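Peer 1:
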Amino acid sequence: MELPKYNGNIHPEEWLKQVQTHCYLKGVENEIQILKICKLMIDSTIIIPKEINSFDELIKSLKSHTTFTIFKNSCKRKLQLMKYNPGKEENYTASFLANFRSLCNYAEINDPDELKTLLVNSYSNDFFKIEFAKRVDNIDPKESPYYIDEIVKLFNEVVLDELKIIKSDSLIALKHVTTGRYLSSCDIKYQTGSRRNIVFAGEKFSNSHSIWLLSKIKSHKLNQQNMVFYNDGFHFRHKETNNLFWLSYNYKSPTTGQSEAFCNYETYNACWQIINLESKNRTHNDNNTLYVNSKDIIKLKIIGDGQDLYLRSHDFTFTINDETFQEVVGHEDRIGANDEWCIELIE
1 MELPKYNGNI HPEEWLKQVQ THCYLKGVEN EIQILKICKL MIDSTIIIPK EINSFDELIK
61 SLKSHTTFTI FKNSCKRKLQ LMKYNPGKEE NYTASFLANF RSLCNYAEIN DPDELKTLLV
121 NSYSNDFFKI EFAKRVDNID PKESPYYIDE IVKLFNEVVL DELKIIKSDS LIALKHVTTG
181 RYLSSCDIKY QTGSRRNIVF AGEKFSNSHS IWLLSKIKSH KLNQQNMVFY NDGFHFRHKE
241 TNNLFWLSYN YKSPTTGQSE AFCNYETYNA CWQIINLESK NRTHNDNNTL YVNSKDIIKL
301 KIIGDGQDLY LRSHDFTFTI NDETFQEVVG HEDRIGANDE WCIELIE
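Residue numbering for the sequence shown is 1 to 347, as defined by UniProt numbering.
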């Protein structure tokens, strides 16, 4: 470890710590001796008073020099240009926030509003901007002596929450809460009703039959975002067969005689909606609309032809070619536990 020089490109307090560390490693612990060494390591272009007799006086003198003002402004400019660009880099968030904290310390930024603005401007993500700006107001600077620790922690929490948000064109799976089986389809056809591809509650683990592409229906509303909100209109497309998922207004399910659930390639004048159930993990935006999160417990209904049908599964089964499937249906009956599904983000 070399003895560091001071030329104005480091915070005086950080530089003093480095000099002290170097001296301690060399067995020099006397403050007067260390102070003399510090004075010798200051660049000759930086003039300080000779009558400096303590570390506090040294730091105060270095901070009053114009080089420190330039250093702080440089750090502030770096903060203004910082952009959070998460990728596959390991520990990226930790590195980003550590760098942010250091630069704030070097620039001696303590104003809560300035700290909030710097973090909000660092990440051009709609969900982050809305959620961070809303939640940060719950942190009172007067009650939080280490305010920067609190907002950095919040930044990390919101970034993690953003990973759980269901977005348009996400691959998802739907687990029936009561039976634990996943909504599935395959190339087997019903032997009654529409004779289209069957939809059923399959295995108690997700597989290729149970992966669906969720795509929002484009609208003319302003400020459309990629996140999926409760009550948005969207389509389900079965990934394996590339067919769309529907509930029939004309054909009956094979066992209970309710609305048949099926998949085919056609598009109808109908759409799906995700309906909210009480959830500890749900997230509100400023208009009290809910983002749909992975692991939320939801209801699903299809809207079309003036009739709403809710998606349900139950213990009733049907058989095709000696293979048994758990029935999935649409219905207009009273909503119950059999209508609850857990939405899971695949990618």
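All C-beta atoms in this analysis are idealised placements derived from N, C-alpha and C, irrespective of residue type, glycine included.
Predicted, not measured: the structure shown is a model, and the values here were computed from it.
In terms of residue numbering, what span does the alpha helix (DSSP H) encompassing Ser215 cover?
Peer 2: Position 215 of the sequence shown, counting from 1, holds the residue named residue 215. Taken as a continuous stretch (DSSP letters only), Ser215 belongs to no alpha helix (DSSP H), being part of the beta strand (DSSP E) at 212 to 216.
Peer 1: DSSP beta-bridge partners for Leu311?
Peer 2: If you number the sequence shown from 1, residue 311 lands on position 311. Its beta-bridge partners are Gly330.
Peer 1: What are the start and end residues of the alpha helix (DSSP H) that includes Glu131?
Peer 2: Here residue 131 refers to the residue found at position 131 of the sequence shown. Residues 126 to 135.
Peer 1: Is Val158 near Glu131, with beta carbons less than 7 Å apart?
Peer 2: As a working mapping, residue 158 is identified with position 158 in the sequence shown. As a working mapping, residue 131 is identified with position 131 in the sequence shown. Against a cut-off of 7 Å, the Cβ pair of Glu131 and Val158 comes out as a contact.
Peer 1: What does the Cβ neighbour count give for Asn91, buried or exposed, with the cut at 16 atoms within 10 Å?
Peer 2: Here residue 91 corresponds to residue number 91 of the sequence shown, with the count starting at 1. The residue is exposed, with fewer than 16 neighbouring Cβ atoms inside 10 Å.
Peer 1: Apply the 10 Å Cβ neighbour rule to Arg196 and answer buried if 16 or more other Cβ atoms are within range, or exposed otherwise.
Peer 2: Translated into the one-based positions of the sequence shown, residue 196 becomes position 196. That one is buried.
Peer 1: Given this structure, state the Cα-to-Cα distance separating Gln18 from Leu3, to the nearest angstrom.
Peer 2: Indexing the sequence shown from 1 puts residue 18 at position 18. Indexing the sequence shown from 1 puts residue 3 at position 3. About 8 Å.
Peer 1: Using the DSSP secondary-structure output, state which residues sit across from Leu300 in a beta bridge.
Peer 2: If you number the sequence shown from 1, residue 300 lands on position 300. Partner(s): Ile274.
Peer 1: Hey, how far is the Cα of Ala201 from the Cα of Thr317?
Peer 2: The residue given as residue 201 occupies position 201 in the sequence shown. The residue given as residue 317 occupies position 317 in the sequence shown. Cα to Cα, the separation comes out at about 9 Å.
Peer 1: When the Cα atoms are used, what is the spatial distance from Thr179 to Ala98?
Peer 2: Against the sequence shown, residue 179 aligns to sequence position 179. Against the sequence shown, residue 98 aligns to sequence position 98. So the two alpha carbons sit approximately 45 Å from each other.
Peer 1: Just the C-alpha distance for Glu340 and Lys295, rounded to the nearest angstrom, thanks.
Peer 2: Walking along the sequence shown from the start, residue 340 turns up at place 340. Walking along the sequence shown from the start, residue 295 turns up at place 295. Going by the C-alpha atoms only, they are around 12 Å apart.
Peer 1: Residues in its own chain within less than 7 Å of His284 by CB, not counting five upstream and five downstream?
Peer 2: Reading the sequence shown from its first residue, position 284 is the one you call residue 284. The predicted model places His284 with a pLDDT of 42, which falls under 50 and marks its position as unreliable; any figure quoted below should be read in that light. Closer than 7 Å at the Cβ level, and outside the excluded window around His284, lie Leu290.
Peer 1: Please identify the residue among Asn207, Asp111, Ile48, Leu171 whose C-alpha is closest to the C-alpha of residue 351.
Peer 2: Absent from the structure is residue 351, since the part of the chain shown begins at 1 and ends at 347.
Peer 1: Helix, strand or coil: which one does DSSP assign to Phe325?
Peer 2: Position 325 of the sequence shown holds residue 325. In this structure, Phe325 counts as strand in the three-state DSSP scheme.
Peer 1: Report yes if the C-beta distance between Ile42 and Ser61 is below 7 Å; otherwise report no.
Peer 2: Counting from 1 along the sequence shown, the entry for residue 42 is found at position 42. Counting from 1 along the sequence shown, the entry for residue 61 is found at position 61. No; because the gap between Cβ atoms is not below 7 Å, this pair is not in contact.
Peer 1: Write down the C-beta distance between Leu309 and Leu247 rounded to the nearest angstrom, noting that I regard them as a contact closer than 8 Å.
Peer 2: Locating residue 309 in the sequence shown gives position 309, where the first residue counts as 1. Locating residue 247 in the sequence shown gives position 247, where the first residue counts as 1. Contact holds; Cβ gap of about 5 Å.
Peer 1: Can you tell me the Cβ-Cβ gap for Lys164 and Met227, rounded? I've got them flagged as a contact below 8 Å.
Peer 2: Here residue 164 refers to the residue found at position 164 of the sequence shown. Here residue 227 refers to the residue found at position 227 of the sequence shown. With 8 Å as the limit, Lys164 and Met227 do not qualify as a contact, their Cβ atoms being about 11 Å apart.
Peer 1: Determine the contact status of Pro254 and Thr192, defining contact as a CB-CB distance below 7 Å.
Peer 2: Numbered from 1 along the sequence shown, position 254 holds the residue referred to as residue 254. Numbered from 1 along the sequence shown, position 192 holds the residue referred to as residue 192. Taking 7 Å as the Cβ cut-off, Pro254 and Thr192 qualify as a contacting pair.
Peer 1: Just list the alpha helix (DSSP H) runs in the segment 149 to 181, keeping only unbroken ones of 4 residues or longer that don't cross its boundaries, in chain order.
Peer 2: For the segment 149 to 181, not a single whole alpha helix (DSSP H) run of length 4 or above is found.
Peer 1: Can you tell me whether Lys5 is buried or exposed, with buried defined as 16 or more other CB within 10 angstroms of its CB?
Peer 2: Numbered from its first residue, the sequence shown carries residue 5 at position 5. Exposed, because fewer than 16 other Cβ atoms sit within 10 Å of the Cβ of Lys5.
Peer 1: So for Tyr251, helix, strand or coil by DSSP?
Peer 2: The sequence position of residue 251 within the sequence shown is 251, counting from 1. Strand.
Peer 1: Classify His235 as helix, strand or coil using the three-state DSSP reduction.
Peer 2: Looking up residue 235 in the sequence shown gives position 235. In this structure, His235 counts as strand in the three-state DSSP scheme.
Peer 1: Going residue by residue through the segment 2 to 76, where are the continuous beta strand (DSSP E) segments of at least 3 residues, counting only ones entirely within it?
Peer 2: With a minimum length of 3 residues, no continuous beta strand (DSSP E) run stays inside the segment 2 to 76.
Peer 1: Within a Cβ cutoff of 7 Å, which residues of the same chain sit near His314, ignoring the five residues on either side of it in sequence?
Peer 2: Translated into the one-based positions of the sequence shown, residue 314 becomes position 314. The residues are Glu327, Asn338.
Peer 1: Sort Leu277, Ile274, Trp212, Lys216 by Cα distance to Phe245 and report the nearest one.
Peer 2: Within the sequence shown, residue 245 is the residue found at index 245, counting from 1. Of the candidates Leu277, Ile274, Trp212, Lys216, the one whose C-alpha sits nearest the C-alpha of Phe245 is Trp212.
Peer 1: According to DSSP, simplified to helix, strand and coil, what is Lys221?
Peer 2: Position 221 of the sequence shown, counted from the start, is the residue given in the question as residue 221. Residue confidence for Lys221 is low, a pLDDT of 45 falling below 50, so the modelled location carries little weight and cannot support an answer.
Peer 1: Compute the Euclidean distance between the alpha carbons of Asn7 and Phe71, then round it to the nearest angstrom.
Peer 2: Residue 7 sits at position 7 when you count from the first residue of the sequence shown. Residue 71 sits at position 71 when you count from the first residue of the sequence shown. If I take the Cα positions, the gap works out to 10 Å.
Peer 1: Give the secondary structure of residue 355 by DSSP, where H, G and I count as helix, E and B as strand, and everything else as coil.
Peer 2: The shown model of the chain, from 1 to 347, leaves out residue 355, and the question about it has no answer.
Peer 1: Put Lys189 into one of helix, strand or coil per three-state DSSP.
Peer 2: Position 189 of the sequence shown holds residue 189. In this structure, Lys189 counts as strand in the three-state DSSP scheme.
Peer 1: Under 7 Å, do Cys271 and Asn243 count as touching if we go by C-beta distance?
Peer 2: Counted from its first residue, the sequence shown places residue 271 at position 271. Counted from its first residue, the sequence shown places residue 243 at position 243. No, Cβ-Cβ distance for Cys271 and Asn243 is not below 7 Å.
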